[in-house]
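Visitor: My structure is below; once you've seen it, I'll send some questions.
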Amino acid sequence: MALQTLARESVRAFVESDSDQSGGALVNQVIIQGGAKLGLKADEISEIETEINCSTTPCHLSNSRVRITLTLESGNGGRVVQASAQQYFSPWSN
710 MALQTLARES VRAFVESDSD QSGGALVNQV IIQGGAKLGL KADEISEIET
760 EINCSTTPCH LSNSRVRITL TLESGNGGRV VQASAQQYFS PWSN
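All residue numbers for the sequence shown refer to my numbering, where the first residue is 710 and numbers rise by one.
Have a look at this one:
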């Protein structure tokens, strides 16, 4: 549940940012700060892998789709938890 919330909030932050670079930095902040507020331990937060995929390059173009996938591998038992969220940039953006 926490990972899905972080994925949703990360993609929102990315789309609202000014550029791909600043969006990536915001995604990291959402994961660090949001993860802590959602009760994840510091070592769990640091283990979250982030993948950002866009339908265009750069991502920040009108009608572009961005998908953020977060992956966290459990230390015990080898369980992998993955969550994705996607959003489109407005046709009127940029």
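Backbone N, C-alpha and C define an ideal beta-carbon position, used for all residues, glycine too.
Computed from a predicted structure; not experimentally measured.
If you draw a straight line from the C-alpha of residue 747 to the C-alpha of residue 762, how long is it?
Guide: Distance between the alpha carbons of residue 747 and residue 762: 25 Å.
Visitor: Compute the distance between the beta-carbons of residue 796 and residue 721, then report whether it is under 8 Å.
Guide: yes
Visitor: In this structure, how does DSSP classify residue 721 when only helix, strand and coil are distinguished?
Guide: helix
Visitor: Give every residue of the same chain whose Cβ lies closer than 8 Å to the Cβ of residue 789, excluding the five residues on either side of it in the sequence, and list them in chain order.
Guide: 780, 781, 782 and 783
Visitor: Mark residue 802 as exposed unless 16 or more other C-beta atoms lie within 10 angstroms of its C-beta, in which case mark it buried.
Guide: exposed
Visitor: Can you give me the start and stop residues for the beta strand (DSSP E) that residue 762 sits inside?
Guide: Following the DSSP letters along the chain, one finds residue 762 inside the beta strand (DSSP E) bounded by residues 758 to 763.
Visitor: Might you give, ordered along the chain, the residues of its own chain that have their beta carbon closer than 7 Å to the beta carbon of residue 798, omitting 5 neighbours on each side?
Guide: 724, 769, 770, 771, 772 and 773
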